[in-house]
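Numbering (the numbering used here), first residue to last: 46 to 455.
The C-beta atom is built at its ideal place from N, Cα and C for all residues, glycine as well.
Owing to the predicted nature of the structure, the values given are computational and were not obtained by experimental measurement.
Presented below is the structure to which this report refers.
Now the structure itself:
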């Protein structure tokens, strides 16, 4: 069998295998990996989780192993909807919530429901690389809008929308992560959020708000979600991967009931329903207040790791290297002097310094970001972060010096 003649054409749309490769790096014991955006296992309160799992089996028995409603376990949906009030400032009911198999399925369901081949999707530059894989499956056209230290530049978004209008086109969806953005680590202030939702509303473009990291803030809560500012025009996606554990594979969408109904139709052809057992465990765990306690502990741990990361960068970074200073989440975004190729440098760093990151071009639609890269400080043991940062900085310094020598030789 020559499988090359069998694969669907859409596989050519998916691009590189950066995510698969970076997850492999996390398994190598000889490499200090800042690559995969994995939570620290120390945030998993195993004894409490085991007790809740036993309670679920004792109380619900075989029902925990049955199929469930496509929209999700009703008690969990009610709990999510109720919690979104005090946590997000969003008024929601059970009919506004769809439980999904992680945040990635949530994005895929939205794409499947809204997007036709050739539709235009607005994305941030840089943005979450797995979102590209999701949207590319639907053969869309990307229009990228640069970010700065305050997230997506809404002034540039307005320009892009005007350009599209002059071409007789309109965007079908705006994808944004306004809080502790991946990969930038930056957060959009409230006034810019208001401008963003107002602009999208005027152009009748739904916003997909990726809220994956927003509860993991450090000193101060972030501004209100986009969903809170425009409940009808924003499709809110979040996940239990960062506040409970990624192995549970659960997330949710908050959307108008008419949209949820359509998403349920799409989910029937995806997985029919998300894990019944997982949903009942998450519900019981959340109902008992254990998730909120876990989040508080997680914030403290990730803030300490963020601090060590920034201190090590300040100590070891070579001249000309800059980085973001996140107020929450998992990521720092670094920019090296011009002329440094972060992709080539990664191969050298893994081989010679035994350290890994994610190279910048993976986060752009157009191959930019050659002199940028992402560090994730969440997974590596805190005692190893300083050494890891030192290795990263030595890698950058080596390539800066090599480029300098090449210029002199030229």
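Discussion item. Tell me whether the segment 89-104 and the segment 253-271 touch, counting them as touching only if at least three CB pairs, one residue from each stretch, are closer than 8 Å.
Written reply: no
Worksheet entry | Helix, strand or coil at residue 298 [DSSP, three-state] | What you label residue 298 is simply residue 253 of the chain shown in a count that begins at 1. DSSP places residue 298 in strand when its eight states are reduced to three.
Practice prompt. Please determine, among 448, 346, 391, 210, the residue with the shortest C-alpha to C-alpha distance to residue 428.
Written response: Walking along the chain shown from the start, residue 428 turns up at place 383. Residue 428 has its Cα closest to that of 346, out of 448, 346, 391, 210.
Worksheet item: Buried or exposed: where does residue 237 fall if 16 or more other Cβ atoms within 10 Å of its Cβ makes it buried?
Response: The sequence position of residue 237 within the chain shown is 192, counting from 1. By the neighbour-count rule (16 or more Cβ atoms within 10 Å), residue 237 is buried.
Discussion item. Three Cβ pairs or more, each shorter than 8 Å: is that satisfied between the segment 417-426 and the segment 375-395?
Written reply: yes
Fill in: Spatial distance of residue 24 from residue 441 (CA atoms)
With the chain represented from 46 up to 455, any question about residue 24 goes unanswered, as that position is not in the structure.
Worksheet item: Looking only at DSSP bridge pairs, what is residue 417 linked to?
Response: Here residue 417 refers to the residue found at position 372 when the chain shown is read from its first residue. Per DSSP, 380.
Worksheet item: What are the boundary residues of the alpha helix (DSSP H) that includes residue 281?
Response: As a first step, residue 281 must be located in the chain shown, where it is residue number 236. From DSSP, residue 281 is part of no alpha helix (DSSP H) but of the beta strand (DSSP E) over 279-284.
Discussion item. For residue 307 and residue 158, what's the separation of their Cα atoms in angstroms?
Written reply: Indexing the chain shown from 1 puts residue 307 at position 262. Indexing the chain shown from 1 puts residue 158 at position 113. One C-alpha to the other measures close to 7 Å.
Worksheet item: Hey, quick one: how far does the beta strand (DSSP E) through residue 145 stretch, first residue to last?
Response: What you label residue 145 is simply residue 100 of the chain shown in a count that begins at 1. Run containing residue 145: 142-145, per the beta strand (DSSP E) assignment.
Discussion item. Measuring only the C-alpha atoms, how far is residue 222 from residue 258?
Written reply: By one-based count along the chain shown, residue 222 stands at place 177. By one-based count along the chain shown, residue 258 stands at place 213. Those two C-alpha atoms are separated by around 9 Å.
Fill in: N- and C-terminal bounds of the alpha helix (DSSP H) containing residue 273
The residue given as residue 273 occupies position 228 in the chain shown. Element bounds for residue 273: 271-274.
Fill in: Element boundaries [alpha helix (DSSP H), containing residue 177]
Here residue 177 corresponds to residue number 132 of the chain shown, with the count starting at 1. Looking at the DSSP string, the run of the alpha helix (DSSP H) that includes residue 177 is 174-181.
Practice prompt. With a 10 Å radius around its C-beta and 16 neighbouring C-beta atoms as the bar for buried, classify residue 52 as buried or exposed.
Written response: Position 7 of the chain shown, counting from 1, holds the residue named residue 52. Under this definition residue 52 is an exposed residue.
Practice prompt. Might you give, ordered along the chain, the residues of its own chain that have their beta carbon closer than 7 Å to the beta carbon of residue 133, omitting 5 neighbours on each side?
Written response: The residue labelled residue 133 in the question sits at position 88 within the chain shown. If we look at residue 133 and ignore the five residues flanking it on each side, its Cβ neighbours are 270, 272, 273.
Fill in: Meets three-Cβ-pair contact criterion under 8 Å: the segment 307-325 and the segment 115-127
yes
Worksheet item: DSSP on residue 452, reduced to helix/strand/coil?
Response: Counting from 1 along the chain shown, the entry for residue 452 is found at position 407. Three-state DSSP puts residue 452 in a helix.
Discussion item. By alpha-carbon positions, which one of 284, 135, 171 ends up nearest to residue 147?
Written reply: As a position in the chain shown, residue 147 is number 102, starting the count at 1. It is 284 whose Cα lies nearest to the Cα of residue 147.
Item to complete: Excluding the 5 residues preceding and the 5 following residue 262 in the sequence, name in chain order all residues of the same chain whose CB lies nearer than 7 Å to its CB.
Response: For the purposes of this step, residue 262 is taken as residue 217 along the chain shown, with counting starting at 1. These residues qualify, in order along the chain: 344, 372, 373.
Worksheet entry | Contact belief for residue 228 with residue 408 at Cβ below 8 Å, rounded distance in angstroms | Along the chain shown, one-based indexing puts residue 228 at 183. Along the chain shown, one-based indexing puts residue 408 at 363. 5 Å between Cβ atoms; contact.
Fill in: Nearest candidate by alpha-carbon position, reference residue 370, set 50, 93, 353, 165
Here residue 370 is taken as the residue at index 325 of the chain shown, counted from 1. Minimum Cα distance to residue 370 is reached at 353.
Practice prompt. Please report the residue range of the alpha helix (DSSP H) in which residue 216 lies.
Written response: For the purposes of this step, residue 216 is taken as residue 171 along the chain shown, with counting starting at 1. Not the alpha helix (DSSP H): residue 216 falls in the beta strand (DSSP E), residues 216-221.
Discussion item. Taking the alpha carbon of residue 196 as the reference point, which residue from 330, 217, 225 has its own alpha carbon closest?
Written reply: To locate residue 196, count along the chain shown from 1; it is residue 151. Of 330, 217, 225, the residue nearest in Cα terms is 225.
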